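Colleague:
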Amino acid sequence: MLGNLKPGELIVLLIIILLLFGGKRLPGAARGLGQSLRIFKSEVTKKDDEEEDSDSPQPPVH
230 MLGNLKPGEL IVLLIIILLL FGGKRLPGAA RGLGQSLRIF KSEVTKKDDE
280 EEDSDSPQPP VH
């Protein structure tokens, strides 16, 4: 998605983001986004691990 942006378009995008969030709130917004992505990745990894565990055959319960 962002890999297709030309340098000029990227500069315009950064200026718009700076205007929307302001210089003081931008680090906090970036920090919050980073934390959200970290939590999302850990949940996806945990879900994948649970699915792998459920694929192994379970002994029958009598």
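Counting in our numbering, the sequence shown runs from 230 upward without gaps.
All residues carry an ideal CB built from backbone N, CA and C; glycine is no exception.
Quick caveat: nothing in here was measured; it's all calculated off a predicted structure.
So, is the C-beta of L242 closer than 8 Å to a C-beta in chain C?
Modeller: Looking for chain C here will not work: only one protein chain is present.
Colleague: Do L247 and L255 have their C-beta atoms closer together than 8 Å?
Modeller: Position 18 of the sequence shown, counted from the first residue, corresponds to residue 247. Position 26 of the sequence shown, counted from the first residue, corresponds to residue 255. Yes, these two residues count as a Cβ contact at 8 Å.
Colleague: If you run the structure through DSSP and keep just helix, strand and coil, what is V241?
Modeller: For the purposes of this step, residue 241 is taken as the residue at position 12 of the sequence shown. In this structure, V241 counts as helix in the three-state DSSP scheme.
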